[in-house]
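Residue numbers (the numbering used here), protein chains in the order written: chain B, 484 to 722; chain L, 212 to 608; chain V, 671 to 1053; chain A, 127 to 390; chain Y, 4 to 488.
Glycine is no exception: its CB is placed at the ideal position from the N, C-alpha and C atoms.
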Amino acid sequence: MTVLLELTQVHTYYGHIHALKGVSVRVDQGEVVTLVGANGAGKTTTLKTISGITRPKRGKVMFNGQDITDMAPHHISAQGIAHVPEGRRIFPLLSVRENLEVGSWNVKGGRGIISDRMNQMFDMFPRLKERINQKGGTLSGGEQQMLAMARALMMAPSVLLLDEPSMGLAPVLVEGIFEIVKRINEAGNTVLLVEQNALMALEIAHRGYVLQTGEIVLEDTGAALLQNDLVRKAYLGET
Amino acid sequence: MSSESLSPRQGGLLDPLIQSEAWQRFSHTGFYRFIVFPIGQIIVFIVAATVFLTALAYLVALLIPEPRPNIVLSDQISRQLPGMVISGISIGFVYAMVALGYTLVYGVLKFINFAHSEIFMFGSVIGFAFMNFLSSAGVLADWNPVVLVIATILISGIASGLLAVLIERVAYKPLRNAPRLVPLITAIGISFILQDVVRALASITINDFNLTYPTRNIAFFQNPIPVVIGTNEVRVRMTSIIIVIAAVIMLLALNYFVNGTKAGRGIRAISMDQATSGLMGIPVNLMISLTFFIGGAFGGAAGALFGLNVGNVTPYIGFIPGLKAFTAAVLGGIGNITGALLGGLLIGMIEAFLNGLLPYFPAIGIRYTDIITFGILIAVLIFRPSGLLGERVDEKV
Amino acid sequence: AAQDGDNVIRIASQTPLSGPQSVLGVSMSNAVRLAIDELSQPLVDMGYTVEYVPFDDQATPEVGVSNAQQIVADPSILAVVGHLNSGVAIPSSEVYNENDLVMISPANTNPAITDRGYATVNRVCGRDDLQGPTGANYAAELGITSAYVLHDTTAYGQGVAEYFQDEAERLGITVLGFEGTEEASNFDAIIQPILAQSPELIYFGGIYSQTAAFLAQARAAGYEGLFMGPDGTDSTEFAAIAGDAAVGTLYTTVAGPASIYPNAAAFIESYTEAFGEGPQPFAAQSYDSTAIALQAIQAAIESTGGLPSRADVAAAVRATADYEGLTGTITFDANGDPEIGLYYVIEVVSGDPAEWSNNSIIATLEIPSPLTAAAMAEATPAS
Amino acid sequence: MLLKVNNLVKSFGGIRAVRDVTIGISEGSISSIIGPNGAGKTTFFNLLTGIYKPDQGSIDFNGRSLIGLRPDQVNKAGIARTFQSIRLFGNMTVLENIMVGTHSRLHISLPHTLLRTRRFKEQERLVQEKASMLLKFAGLSGKGDELSKNLPYGDQRRIEIARALASDPKLILLDEPTAGMNPQESAEAMSLFRKIRDELGITVVLIEHDMRVVMGISEHIDVLDYGQKIAEGTPEEIRANPRVVEAYLGRRAMGGGANNDSAA
Amino acid sequence: MATVSAMTPAKTGFREILSRPAVGLAVAILYVVVAVLFVFMLDRRSLWYPLASLVIAPIFLLSPLVVASLSMPRIARIVLLVVMFAVVMPVVGISNPPYLELAVQISIFAGLALGLNIVVGFAGLLDLGYVAFFAVGAYLWGMATSPSETIFTENAWTVSYWASNPDLSPLAAGFVAFVQSGAFFFVMFIGIAAAGLVGVLLGLPVLRLRGDYLAIVTLGFGEVIRIFARNLDSPINFTNGAQGLRNIAAPPLPGFYISFTESIASVLGLRVDNPAVLAKQLLFYTIGLVLLFVIILVCFRLKDSVIGRAWTAIREDEIAAIAMGVPLVRMKLLAFASGAAFAGAIGVLYAAKQTFIDPQSFILLQSITILAMVIVGGMGNVKGVVLGAMIITLVELHTLPNLSLQLNALRNAGQLNIPTQLDPAKYQPLVFGFVLVLMMLFRPAGLLPEKSRRLELMERNEDDELPKEEPISDAVLVDGSVPQE
Ligand SMILES: Nc1ncnc2c1ncn2[C@@H]1O[C@H](COP(=O)(O)OP(=O)(O)OP(=O)(O)O)[C@@H](O)[C@H]1O
Ligand SMILES: Nc1ncnc2c1ncn2[C@@H]1O[C@H](COP(=O)(O)OP(=O)(O)OP(=O)(O)O)[C@@H](O)[C@H]1O
Ligand SMILES: [Mg+2]
Ligand SMILES: [Mg+2]
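Okay, here's the thing in C-alpha cells:
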C-alpha cells in the first residue's frame, strides 16, 4: 500500500499551550484510520494541523509525497483533502444548494460536473434533496451533519478528515453515519476518523492510534485495539 | 452578509400569478433575478418612500394648515414635491453606494470601517484630478460627456478600490484576531492620515485644497433640464440624472456579483465562517481583499459622482456623507446589501423632505433635520433591533 | 540668533492650521509671517531679533487653551495674533489676559470678544452686530422687500445672520426664512423651499467654501434673486467655486478691494509671490494685527528703554491711534474695538478668480463701535 | 410535582418546534428528555428558562407560574441550566464563572459596594467559599484560577454545571451534558449527576443522546418527536416502546436518516 | 490534555530583580528625582527647548504611574505618591505652568476615559456618544454661572453667580453666599445625578440593541445633544447656542492657595506677576486629582465586586449571563449611568476650568478620542486606561505641538528649509493618525492589557513565528459559539 498522508513529529501550540507533542501518524491509500483519545488529547488539533488551520511549530506533514506543512488551507484543500470539522460548521445563511456549491470551489470542469456530483450526493442523502433551497442554519442537527459530509464530498477528495461526525446525533442517525463512512471507503476513498464513540469507530477502522495529552501512546489495527486492555478501560467504558 | 431572498414572499395578492408555472420558470432565470427583480425592488423602494413621506407631509398639512402666516403648507408641498423627490433620490443613491462599502466590510469582517468616508473623499479627489488633468491639457471640452463620466467613475472607482485594499493589508489584516474595537481605532488613524496626505498632495501640486471640478464650463453638466409637472416647472440637474443611472447600473452589477457568481458566494461564505471557508478551498485573504476592493470602488465612484454633482470638494468632505451612509447602512440592517440600498434612499428622502418643509416651522427649522433623522433611526431600531431588512438573528442556544 | 535670549522678541499666532478650516487659518498664519518679514526692520535696527511662532489651535478649545499656556510660559512672546474661531479665542484669551499678554484678533467678529472689556484683547476686524446691519441697510436701500436668511450654525455665521435679520425686519424687509445648516456641499434640498417662496435676496452668513457652493447650486436650480454675504465671502475662491454664478454677489467687509487700496494691492502681490496663492479672508487683517503689534512693541521699547513688559506692550497696543493699515485706519477704543469701523458693500464683478481684486465698492459706511457710539451719544444728547 | 408543564406550544415562523407538550417533573427525581434531532428538546428548555416566550400553554414551578418571566427571574425562582453548545464566560477564571452563578442570590447595593462595608465583605467571603466548595464538588479542584476557555471540553461541561449549581436551584436542566465525552468520562459525569440529587437535593432533568447515560440514570423518561410527546415512562418501558425504537433508537442503520421535523 | 509550557525565560532575569521591593522603591525614587531634575534643567531659551520639553514632559508626568507600577512596600508607595502629588507636582507646576495645565487636562481626560471604560471595557457596550454626558455636566455649570444672556441670567429665578442682587434681604443674601461658596461642589453632584439620569433615560430604550446598533444609536444621541446645545437659543434661550457660554465661574479660591503659590515661587526664586492665576490652576489641579482619585477608587471597587463580575459576564456572553440570573438591562443601565455620572462630574470641572464652552467642545471626534484612549491603553484595565488617556492627551496637546515648534524654531534659526505647504504645524493630525495605527499594530491588546487579554496577546506573539502568509482565525473555529445547529 502507498502512504498517502503522513505526519512526522508534529508539535502544535495554542499560544503557550503545547497541544501536540511530537505526533506521528500515517494514513495509507484506501484505509480508514481512527484517532482515539480523551477530551483534550489533541485529536481535533491533529486534524486541524493537517488541513492547515493551525500551523505546527515543528514537524512535517506530507501528502502524496508533497510537503504541505506550511500551505494555506485553501491550497491544502485543493490537493484533495477534505475536512468535516468539529461542530459541522454549515454556512447558516446559505441554502443547501449553495453550501454544496461552496464545497465544490476547487472543482474544475464547469457546471456539468458539479451538478453530476450534486446528484450523487442527493442519491446518498435523499433528505438533502428535499431541503435543497432551505437555509443551512435552519436544518436540524442530523441534516446538518449530512450536509457537512456531502459538502466535503463535493470536492471528490482523496482523503476525508472526519471530526466526531456522530456528536449530538440521535442513536438512529449514528448508525447511519457509520454506514456512510463505510460506503465512502468502499468506494476507494481514504478516511481519517475521530470519534468519541470509540467502539463503533474501531469496528470500521483498519488501523487506529491512541492519543494521550498530545502524544501517540498506541498504534495498532482496529481489531487489535478493540481487544487492548488500556483501550477497553479508558475509552470503551469497561471496568 | 446576506442579501434578501430573491423570491417574493408567499401569501399575497399575487399568489395566483406567483404560483403559475410560467412565472415559476421566469423567476428562476438570470434575467429576472438580476435585472427585473432588483430594478423592481428599487422602484418599489422609491415609490413606497415617496408615497409614505408625501402622505405624512399632507397629514401634517391637514393638522397644521398654516404653520406661518401666508404660508399654506399643502400648496408648498405640492409645489416642492418633485424637487424634493429628485434631490432625495439623487443624494439617496450616493448614500446607498457609500453604505454598501460599510455593509460589505461589516458583513465580512464584522467591524465598522470608519476610514470608508475617506475612501469616498479620495474618490471625489481622484475624479477631480482626472478632470483637472484633462482640463489643463485642454481636451476636457472635446470629450463626449458620457464617455467622460464613465471614465471618471471607472478611474476613481478603481483607484479607491486599490486604496481600500492597501489599507486592509496594512492596517486591518494584522489585527484580524484582535478584539473588534482595535481595527476601529486603526481605521480612525487611517482617516486622519488620508485626509492629511490628500491635503498635502493637493497643496503641493495646486497649492490649494478646495478642489473645484472643471465641469462648470461644460454645458452638458451645467444646463438644467426643465421638467414640467402639472403647473410648475422643476429644473433637474444633469448630474442628478447621472448619479441615478450610474448608481442603478452599479447596484445591478453588485447584486449579480454577490448573488450570482462563485466569488460572491465565496465572500458570503467567508462572512459566516472564515476558517471553514478556507477548508472548502476558498482563498480567504483574496476574497477579503476583493470585498474591500468592491466596497472601496463603490465608495470612490460615489465620491466622484458626488463631486460632479456639488462641484467642489476638499479632503474633509468625507465625514458627513460617511456618517449618513453609515446611518443608512444600520437603518437598512448592517451587513445586508438590499438594506444598504433601502437605508440610503430612505435617509436621502427623509432629509430632502425635512429640509424642504421644516423651514415653514420657524420654531424647528432645518437645524433639527439631523435630530429628526436620528430620531427615526432610533425608533426603527427600537422596533426592529436589526434594522429594516436585517436578519433577526435570534441566537439559537 | 535665538541663543542670545534677551534680544529675542517672539510673536505667536494661533489659528487652525489643520482640518477643514485650515484654508483660512493657514492664510492668516502666512500673513503674520509676511508682516514679520516685511515690518520688523525697525526692531532689528534696535538690536532685537523678531521671530514668529505659529500654533495650530485645531479650531478646538482645549488645544487653544493648552497652546495658550505654552505661549504665556515663553517670556519672549510679547503678542499673539489669533484666533479664527470665537469659541477658541474666548477661553484662550482668558489665559492671555491673566498673564497680561496682548492678543490682537484679525477675525473674531463676535461681540463678546471685546465686550468683556479686557485690557489685553483687541481686534482689527468688524463686529457682527455692525456688519450684519450694514448689509441689511444696504438691502433696504436697494428696495428689497423680502429676504431669506441662511447661516452655517457657527458663532460667526449665525451671529452675523441674526444681526442682519433683526435689522432687516426693523427696516420692513420680510424675512421669509431663517435657517442654519451644517451641510457643506449638497444644498439641493435646502434650495427647494427657497425657490418656492422666491425671495428677492438670500443672505448667507458663512464662509465662502460653503456659501459659494450653495450659490452655484441655487443658480443652477433657477434662483434669480440677489445674493449677499458677510466678509467670509471675500475670497478669490468664492469666484473659483461659484464661477459665473458669483457675478452680482454682494458682500460686506472692513477690507476694501485691492484695486482701490494701493497698500492692499501691494500686499496681495507680495503674499502671492511668497506663498504661491492669493490671500484668503482675514489675511489682510492678520497682517494689520501683526503690524500693530510690531509697532506697539517698538513704541514700548522706546518708552521703557529696554525690553518692555507684556503689560507695557498691551498698553501700547491699546494706545494705537490712526494706524494706517491695509484694511483702513485703526484707532482702538477702550474695549479694543476699532473706534470707527469702515464697512464696505462690495459687488463681485466677475466669475474669474483673477478678477477678484477688481470687485467694485458700491457703498461705504462708517460705523462707530458701541463704546464710541455711546460716547458720541453722550457728547451730543439727543434733543 | 415540582414542575408542571401543560400544553406548551412554540413555533418559529412555519416551524412548529414544540406542539402541545405536557410534562411533569416530580421533586427529587432524575429524569431525561430524549428524542430525535430537531424534536424540540432544547427549545423546551429554552421555553422553561424564559429564553423564548411560549405561544401557548402554562408552566408552573413550585406553585407559581413562570410564564412571562425573564431568564434571570426564572433563575431566581430556582431553575438553573447548562447549554447544549457550551457557553462559558471564556475570559473569566473558573472560579469567577462560578461566582457569577450566585448572582441571583446576592444582595446588590451600590453604596455597599462603593463603601466596602462589612456587609459587602461578608457577602464576598461567602460567595468565595461557596464557589470553592462547588469547584471541589464538580471535581475541578486546583483549576479555579485558569481561564475557562483554556480548559478541555469535559472540564468546561463541569464548570457549566458548577456555575448552574451556584444559584442554589431547586431544579437543574442539563442539555446534552455528556456530548463529546468518551464512555469513561460519561460514567464519571453520571456519578456527578447522582451526587447533585443525593447530596444537594436538587431535581435533575437532562437531555441526552447517549443511551447508556439515559438508561443508566433516569428514573423517568419523556420522549419528544416532531415537537410532541410520543411516550413517557421508566427506562424499561421506553426501551420497549416500538414508536420510540422506530423514531429514535433505531434497529438498523437507515441511510437517509428518518428523524426530524422542521419546515414543511 | 495539553500542558502549559514554561514561560519565556529571557525576560525573567531583569523582571525578577525589579520585582524586589527595595529595588523597586529605589528605582522609583531615582526615577522621580531624575525626572524632576530634568524639568528644572530645561532651558527655555535654548534652540532645542521644544524637543527637550517634548521628551521630558512625558517622563515627568508618567512618574506617578511608574511609582504605582513598581513593586515596593505599600506604605512607601502611598507616601511616595502623596509626596508626588502634593509637593513635587505643584512645585514643578509653578515653575513650569504648561506642565500644570497638562496635568489638569490629563486628569480630565483620564476621568472621562475611565468612565467610558466602565461602559466599553467592563460591560462591553460600544458607546460612541459618550461626550454627551460630559456636555450635560459642562452645560449645567455653564448655564448656572455664565453671564451670557440665557434665560437663567435674564430671569431672577436662578441665582446668578456673578451678579448677586444688592437688594436681597440679609437672609437671602446669606443663602446666596452659602450657595456661592458651595455651589461648585453642589453643582458637581447635580452634574453627576443629571448625567446619570440622562444615561438611564437613553439607556432604557436602547440597551436592548446589540453591539454596533448600540454604537450608532449612541453616536446619534451624542450628535442630538450637541445639536440641541447649539439650537436651544431660540425660541427660549437656554444654552446661548453657537455663541457659547463665556466667563463661566471658577470655584472660590481658598486664600492659602495664593500664599502657597507665592511662597513656592519665592523659594524657587521665580518672579510671578499674578499668583492668583497660578493658584487657580493649582486649585483645578487639586479638584481634578481628587476627582480622578475617587473615580479610580470607584472603578476598582466596582470591578472587583458582584457588579463587576456581572458586567464581565455580560461582555462575554449575554445569553449565558441572563440565564445565570444576571438582570441584563439593570446591569447595563448601571454601567451606562455610572459612566455617564463620571462624565457629568468632569463636565462641571471642565466648564469651570475652561471658562467658555460652546457646542464645538462636544463633537463626535471628542467621543472617538476618548474611545481611542480606552483602547490604546488597554480596554478594561484601569491603569491601562489612565495610561492611554495620558499618552493621547500628551501627544495631542504637547508632543505634536512641540514637534512642530521645534521644526519651526530650526527654520527660524535658518537651519531647516521647509516649504510652507509642508509646514509641520499643519500636519499634526497626520502624525496623530500614524501614532494610533502603529500603537494598535504593535500592541493590539493595548499598552497595558487586561489580565485575560494579556494571555491572548502572548498567544499572538508566539504566532508571530508562524509563516505570515495566511493567519486563519483559529479562535473562530475552536472558541466561537457556533450559531447553527
Ligand atoms: N483555541 C485554543 N486555544 C487554547 N487551547 C486550545 C485551543 N484549542 C484546543 N486547545 C487545547 O489543546 C488541547 C487539545 O485540544 P483538541 O481540541 O485537539 O482535543 P480533542 O482531542 O479534539 O478533544 P475533544 O475530545 O474535547 O474534542 C486541549 O488541552 C485544549 O484545551
Ligand atoms: N431560534 C430558532 N429559529 C428558528 N428555528 C428554530 C429556532 N430554535 C429552534 N428551531 C427549530 O426548532 C426545531 C427544534 O429545535 P431544538 O433545538 O429544540 O431541537 P433538539 O430537540 O434540541 O435537537 P438536537 O437533539 O439536535 O439538539 C428545529 O427544527 C430547529 O431548527
Ligand atoms: Mg475534538
Ligand atoms: Mg438540542
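| Item | Value |
| --- | --- |
| Contact test: PRO276/L Cβ vs ligand 2 heavy atom, cutoff 8 Å | no |
| Cutoff 9 Å: VAL393/L Cβ touching any chain B Cβ | no |
| Between the CA atoms of GLY96/Y and PHE259/Y - distance to the nearest angstrom | 16 Å |
| Near ligand 3: THR527/B beta-carbon under 8 Å from a heavy atom | yes |
| Cβ-based neighbour list, LEU350/A, same chain, cut-off 6 Å, excluding 5 preceding and 5 following | GLY161, ALA165, GLY166, LYS167 |
| Range covered by the alpha helix (DSSP H) that runs through ARG77/Y | 77 to 86 |
| Residues, ordered as in the chain, of the region 1008 to 1038 of chain V that lie near chain C by beta-carbon distance below 8 Å | Among the protein chains of the structure shown, namely B, L, V, A and Y, there is no chain C. |
| Extent of the continuous beta strand (DSSP E) to which TYR957/V belongs | Not the beta strand (DSSP E): TYR957/V falls in the alpha helix (DSSP H), residues 953 to 974. |
| Whole runs of the alpha helix (DSSP H) within the region 315 to 367 of chain Y, excluding any shorter than 4 residues | 321 to 326, 331 to 357 |
| Straight-line gap, LEU709/B to ASP511/B (C-alpha atoms, nearest Å) | 20 Å |
| Beta-carbon spacing of GLY441/L, HIS327/L below 9 Å | no |
| GLN199/A to PRO180/A span [Cα, whole Å] | 16 Å |
| Three-state class that DSSP yields for TYR931/V in the structure shown | coil |
| 7 Å Cβ shell around MET380/A - same chain, five flanking residues per side excluded | Confidence at MET380/A is low in this model, with a pLDDT of 32, below 50, so its placement is unreliable and the value that follows should be read with caution. Nothing listed; no residue qualifies. |
| Residue span of the beta strand (DSSP E) that contains LEU488/B, given as start and end | 486 to 497 |
| Spatial neighbours of ASP186/A in its chain, beta-carbon cut-off 6 Å, leaving aside the 5 residues before and after | LYS130 |
| Touching by the beta-carbon criterion (3+ pairs, under 8 Å), the region 475 to 491 of chain L and the region 364 to 377 of chain L | no |
| VAL677/B beta carbon less than 9 Å from that of THR527/B | yes |
| Segment contact, 8 Å Cβ cut-off, at least three pairs: the region 798 to 808 of chain V with the region 845 to 856 of chain V | no |
| Any non-hydrogen atom of ligand 4 closer than 8 Å to THR168/A Cβ | yes |
| Contact test: ILE536/B Cβ vs ligand 1 heavy atom, cutoff 8 Å | no |
| Residue nearest to VAL590/B in terms of C-alpha spacing, selected from ARG634/B, GLU626/B, THR696/B | ARG634/B |
| C-beta contact flag for ALA346/Y and GLY118/Y at 9 Å | yes |
| Cβ-Cβ distance between SER157/A and SER344/A below 9 Å | yes |
| 9 Å Cβ cutoff met for ALA292/A and HIS335/A | no |
| Residues bridged to TYR692/B (per DSSP) | LEU518/B, GLU702/B |
| Nearest candidate by alpha-carbon position, reference GLU626/B, set VAL642/B, ASP599/B, GLN562/B, VAL655/B | VAL655/B |
| Those runs of the alpha helix (DSSP H) which lie wholly inside the region 966 to 1024 of chain V and span at least 4 residues | 980 to 988 |
| Interface flag, GLU104/Y vs chain A, CB-CB below 9 Å | no |
| Cβ-based burial, ILE545/L [other Cβ within 10 Å; buried from 16] | buried |
| Beta strand (DSSP E) segments (min. 3 residues) lying fully within the region 563 to 628 of chain B | 564 to 567 |
| Segment contact flag, the region 302 to 311 of chain L with the region 547 to 566 of chain L, C-beta cutoff 8 Å, min 3 pairs | yes |
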